[in-house]
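>
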Amino acid sequence: MLLTEHAGKALLAEAGIQTPPGLVLEPGGAPVIPPFTGPYYVKAQTLGGGRGKAGGVVRVDAAADLAGAADTLFARQFGGMTPPFLRLEAAVAHTRACYLSLGVSRQRKSFCLTLGRQGGVDVETLAGTPDLLVLDVPPSLVCPDWLARAAFFHLRLERETWAAFESLLGRLFGAVAEYGLLLAEINPLAVTAEGRFVALDAKCIIDDNVVAQRPKLAQFGDDRFATPAERQAAVHRLSFVSLSGRVGLVANGAGLAMATMDALGAAGLPAANFLDFGGTADAVRLRAAFDLLFADPAVEACCVNMYGGILSCADVAEALAKALGDGPGRPLVVRFAGNAAKAGADRLRAMSGGRVLVAEDMDQAVAMLSEVVPSPGRPQAVTGAAICPQPPLNRSVIRRAGCGPRGPVLPGLLDLGPDARVLIQGLTGRAGSAHAKRMRAYGVQVVAGVTPFRGGSMVDGTPVYDTVAEAVAEHDIDLSVIFVPAPGAADAVLEAAAAGVARIVCITDGIPQRDMLLVRAALAGRGTLVIGPNSPGFIVPGKQFLAGIMPVEPFSPGPTAVFSRSGTLTYEVASRLTAAGIGQALAVGIGGDPFGGAGFVELCEMVRDDARVKAVMVIGEVGGTAEEELAEYVQRTVYPKPVLAFVAGLTAPPGRTLGHAGALLERPGGAAEKLACLEQAGITVCGELGEVAGVMAEALCRG
149 MLLTEHAGKA
159 LLAEAGIQTP
169 PGLVLEPGGA
179 PVIPPFTGPY
189 YVKAQTLGGG
199 RGKAGGVVRV
209 DAAADLAGAA
219 DTLFARQFGG
229 MTPPFLRLEA
239 AVAHTRACYL
249 SLGVSRQRKS
259 FCLTLGRQGG
269 VDVETLAGTP
279 DLLVLDVPPS
289 LVCPDWLARA
299 AFFHLRLERE
309 TWAAFESLLG
319 RLFGAVAEYG
329 LLLAEINPLA
339 VTAEGRFVAL
349 DAKCIIDDNV
359 VAQRPKLAQF
369 GDDRFATPAE
379 RQAAVHRLSF
389 VSLSGRVGLV
399 ANGAGLAMAT
409 MDALGAAGLP
419 AANFLDFGGT
429 ADAVRLRAAF
439 DLLFADPAVE
449 ACCVNMYGGI
459 LSCADVAEAL
469 AKALGDGPGR
479 PLVVRFAGNA
489 AKAGADRLRA
499 MSGGRVLVAE
509 DMDQAVAMLS
519 EVVPSPGRPQ
529 AVTGAAICPQ
539 PPLNRSVIRR
549 AGCGPRGPVL
559 PGLLDLGPDA
569 RVLIQGLTGR
579 AGSAHAKRMR
589 AYGVQVVAGV
599 TPFRGGSMVD
609 GTPVYDTVAE
619 AVAEHDIDLS
629 VIFVPAPGAA
639 DAVLEAAAAG
649 VARIVCITDG
659 IPQRDMLLVR
669 AALAGRGTLV
679 IGPNSPGFIV
689 PGKQFLAGIM
699 PVEPFSPGPT
709 AVFSRSGTLT
719 YEVASRLTAA
729 GIGQALAVGI
739 GGDPFGGAGF
749 VELCEMVRDD
759 ARVKAVMVIG
769 EVGGTAEEEL
779 AEYVQRTVYP
789 KPVLAFVAGL
799 TAPPGRTLGH
809 AGALLERPGG
819 AAEKLACLEQ
829 AGITVCGELG
839 EVAGVMAEAL
849 CRG
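With the working numbering, you'll find the sequence shown wraps up at 851, consecutive numbering, no jumps.
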């Protein structure tokens, strides 16, 4: 949750960090007599950057001129939006201005303290110069004395300010820990003649997963920056982002939604929104979803794309039929695959009125939409070659922190079979017990469960223990699958590792990023294999082994490995490979969260010398650096097997979060850089899902 400057300063002030006195100016409000002396600054409150350069910060010397300055700012737009309110604050006289931030770095896979000797500038302009210092910070967020000294001496502050600076750092670290911040940026940080440190500007981001666990933190958010549709979606727990196209989009799973968005864009049918209804669908939520879509006059038709894993297509079809009724309306094209797809399609075909069209696959769905939505012309498909030119041969692949493999060899997955023994943490919960049954039906031995304070009970004949240590004392455990709610999931991973469980699959989503950084730090170098969090698990097809929530229908035994950041795209790609007669030796969903366990690099290393795997298919997404790290590894180690990649979300707007935390395009050009790195490393990039099976067949023939 990105905060306005005003909310960020309120948070920092609560944490004991000095900020200028200030107040809010509302449009059309009565003239304000500030309770502090001038001069003043009047600041447009936005969520975008570049406000100062765009004239969104105005200095006013006399109180009599404040109303005119406010009217001027309210009449302007910043980032395409009129500011809903302004901040009026006192100007602070100072002798120096610096840059200070503490936040999460996905590239460095840690918290980082960043210090610049100049303030009030884009910190990127200081990169690579002696004026900028970046220090890795332990996820405990306890500031070591040496780190405080390094920061102080880098900024070349006066000796007399040491105590105040040390106190500032302590309060900053405390704020990030207490409020679940992903970023606390103070730019500029003023140093006054009296030796005080004052935050003249503030940018704070609270982890959405922390907000979900601590709803009181929502007070720092401001829904005035969301569209009316986005506000309505939040009420119904729908992941919704307004876009500028003509086709409404509904899908389950962020990866599948992004891939569908790309396919629509390539056909000249840009999406009007991103809407992921997740793993549950009832008539009320679906009715709300379509109300959102069709309230937009730009929406000419709607595309529903669903791959039924645990969620039944038949259930979705029934909810959809109830939500839509038999009345007239704009057309819908629906594509079902997976769980109960035929029953769902038959239910929709039985509806009267001809409003709902049922497609057999994604390609046919796009073709149907092209018929019902007039197109101004088909643009060039968005593929690796289209979004960025082929890089020159001497272009060096960007090296990333954590491009393994490093440390001890991780235990493998391919040798797990019917004799492997599985522990379920959270077995007594609805999800844990349901998926334990599915795993048993696939031939997996679920020998024990763990739920604190439920020890001694039984679930479907499986004994339950209070702790993992107790379970391990009674059973040989090869793998633990975690269905523990988000507040306790990271601790459950640590408990399993401490008890000596070598392989851990964490299904839970919504885990705060700091929690997973703590897990990564605690398990570094221990040789424990962690899959997830926010993972569907993995499967060794052919009734060999299943851990997690993956549907078994899309998979068949064969010579390929599929590693994916998206659950629904894992099923989509596997079904396409299976339909083409290409089976899978192993399929793993690594999860889409920013910080997790094994990534593409570790999994590719795992199957590097395994003769059962002839080629690897990687399914990536915009945002993060997992694909770039894979490219560096493949190129540096001269990987001996063909590696293919499909990246979803190439048409995602920069800076927008689409679905889970991993699907964030963090910087303009990020998608282009990602594809360029993959291609230069010799990884074949499939521009469309329809290419995957054919390209894989060619790779297997060559390999």
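Positions of the beta carbon are idealized from the N, C-alpha and C atoms, including for glycine. Please read all numbers here as calculations on a predicted model, not as lab measurements.
How many Å lie between arginine 372 and proline 287 at the Cα?
Cα to Cα, the separation comes out at about 33 angstroms.
> Pick helix, strand or coil for phenylalanine 422, following the three-state DSSP scheme.
Residue state, collapsed to three classes: strand.
> Is the beta carbon of glutamate 750 closer than 9 angstroms to that of leucine 665?
The answer is no: Cβ separation not under 9 angstroms.
> Give the secondary structure of alanine 646 by DSSP, where H, G and I count as helix, E and B as strand, and everything else as coil.
Alanine 646 falls in the helix class under three-state DSSP.
> Please return the same chain residues whose Cβ sits closer than 8 angstroms to the Cβ of glutamate 314, not counting the five positions on each side in sequence.
Cβ within range, chain order: Ala296 and Phe300.
> Compute the distance between the beta-carbons of glycine 860 and proline 705, then report whether it is under 9 angstroms.
Limits of the chain in this structure are 149 at one end and 851 at the other, which puts residue 860 out of reach.
> Express the C-alpha separation of alanine 796 and valine 452 in angstroms, rounding to a whole number.
About 17 angstroms.
> Taking only three categories from DSSP, how would you classify aspartate 356?
Of the three classes helix, strand and coil, the one that applies to aspartate 356 here is helix, per DSSP.
> Identify whether proline 635 lies in helix, strand or coil by the three-state DSSP scheme.
Three-state result, proline 635: helix.
> What does the alpha-carbon distance come out to for the pair aspartate 608 and serine 581?
Spanning the two alpha carbons is a distance of roughly 8 angstroms.
> Quick check: what's the CA-CA separation for aspartate 626 versus leucine 496?
Roughly 44 angstroms between the two C-alpha positions.
> Assuming valine 240 and leucine 348 make a contact with CB atoms under 8 angstroms, what is their CB distance in whole Å?
Their Cβ separation, rounded to whole angstroms, is 6 angstroms, which keeps valine 240 and leucine 348 in contact under 8 angstroms.
> Using the Cα positions of isoleucine 630 and proline 702, report the straight-line distance between them to the nearest angstrom.
Cα to Cα, isoleucine 630 sits roughly 23 angstroms from proline 702.
> Would you list the residues sitting across from leucine 694 in a DSSP beta bridge?
Ile687, per the DSSP bridge assignment.
> Does glycine 842 pass the burial test, meaning 16 or more other C-beta atoms within 10 Å, or should it be called exposed?
By the neighbour-count rule (16 or more Cβ atoms within 10 Å), glycine 842 is not buried but exposed.
> Give a yes or no on whether the C-beta atoms belonging to alanine 381 and leucine 159 are separated by under 9 angstroms.
No; because the gap between Cβ atoms is not below 9 angstroms, this pair is not in contact.
> Count the other C-beta atoms from every protein chain shown that fall within 10 angstroms of the C-beta of leucine 171, then say buried if there are 16 or more, exposed otherwise.
Looking at its Cβ environment, which holds fewer than 16 other Cβ atoms inside 10 Å, leucine 171 is exposed.
> Measure the CB-CB distance between proline 336 and glycine 267 and report whether it falls below 9 angstroms.
The answer is yes: Cβ separation under 9 angstroms.
> Quick check on the DSSP output: the beta strand (DSSP E) that includes leucine 480 runs from which residue to which?
That run of the beta strand (DSSP E) goes 480 to 486.
> Among the residues of its own chain, which have a CB less than 7 angstroms from the CB of leucine 248, if the five just before and after it don't count?
If we look at leucine 248 and ignore the five residues flanking it on each side, its Cβ neighbours are Leu263, Ile334 and Leu337.
> Of the residues Leu571, Pro292, Gly696 and Pro183, which one's Cα is nearest the Cα of aspartate 624?
Comparing Cα-Cα distances from aspartate 624 to each of Leu571, Pro292, Gly696 and Pro183, the minimum goes to Leu571.
> Alpha carbon to alpha carbon, what distance is there between proline 600 and leucine 575?
So the alpha carbons of these two residues sit roughly 11 angstroms apart.
> Could you spell out where the alpha helix (DSSP H) holding tyrosine 787 opens and where it closes?
That residue, tyrosine 787, is in no alpha helix (DSSP H); it is neither H nor E in DSSP.
> Measure the alpha-carbon distance for arginine 756 versus lysine 789 and round it to whole angstroms.
If I take the Cα positions, the gap works out to 7 angstroms.
> Note the first and the last residue of the continuous beta strand (DSSP E) segment covering arginine 385.
Element bounds for arginine 385: n/a, residue is neither H nor E.
> Do you know whose CA, among Ala634, Ala819, Thr615 and Arg483, lies nearest alanine 644's CA?
Checked all of Ala634, Ala819, Thr615 and Arg483; the closest Cα to alanine 644 is Thr615.
> Please confirm whether alanine 471 and alanine 431 have their CB atoms less than 9 angstroms apart.
Cβ atoms of alanine 471 and alanine 431: closer than 9 angstroms.
> Leaving out five residues before and five after alanine 763 in sequence, what residues of the same chain have Cβ atoms less than 8 angstroms from its Cβ?
Cβ within range, chain order: Pro707, Thr708, Ala709, Lys789, Pro790, Val791, Leu792, Met844, Ala847, Leu848 and Gly851.
> Could you give the DSSP three-state label for cysteine 260: helix, strand or coil?
Three-state result, cysteine 260: strand.
> Whose C-beta lies closer than 6 angstroms to the C-beta of serine 712 among residues of the same chain, with five residues either side of it excluded?
The answer, listed in chain order, is Thr718, Gly737 and Ile767.
> Return the chain-ordered list of same chain residues with a C-beta closer than 6 angstroms to the C-beta of alanine 202, the five sequence neighbours on each side being excluded.
If we look at alanine 202 and ignore the five residues flanking it on each side, its Cβ neighbours are Phe226.
> Kindly list the residues whose CB is nearer than 8 angstroms to the CB of leucine 517, restricted to its own chain and excluding five residues on each side of it in sequence; keep chain order.
Excluding sequence neighbours, leucine 517 sits near Val395, Leu412, Ala415, Leu417, Ala449, Cys451 and Val481.
> Beta carbon of glycine 475, beta carbon of glycine 502: below 9 angstroms?
The answer is no: Cβ separation not under 9 angstroms.
> Closer than 8 angstroms: is that where the CB of glycine 838 sits relative to any heavy atom of the ligand MG?
For the ligand MG, the structure offers nothing, since it holds no ligand at all.
> To the nearest angstrom, report how far apart threonine 273 and glycine 198 are at their CA atoms.
Between threonine 273 and glycine 198, the C-alpha separation is close to 14 angstroms.
> Secondary structure at leucine 725, three-state DSSP: helix, strand or coil?
Here leucine 725 sits in helix by DSSP.
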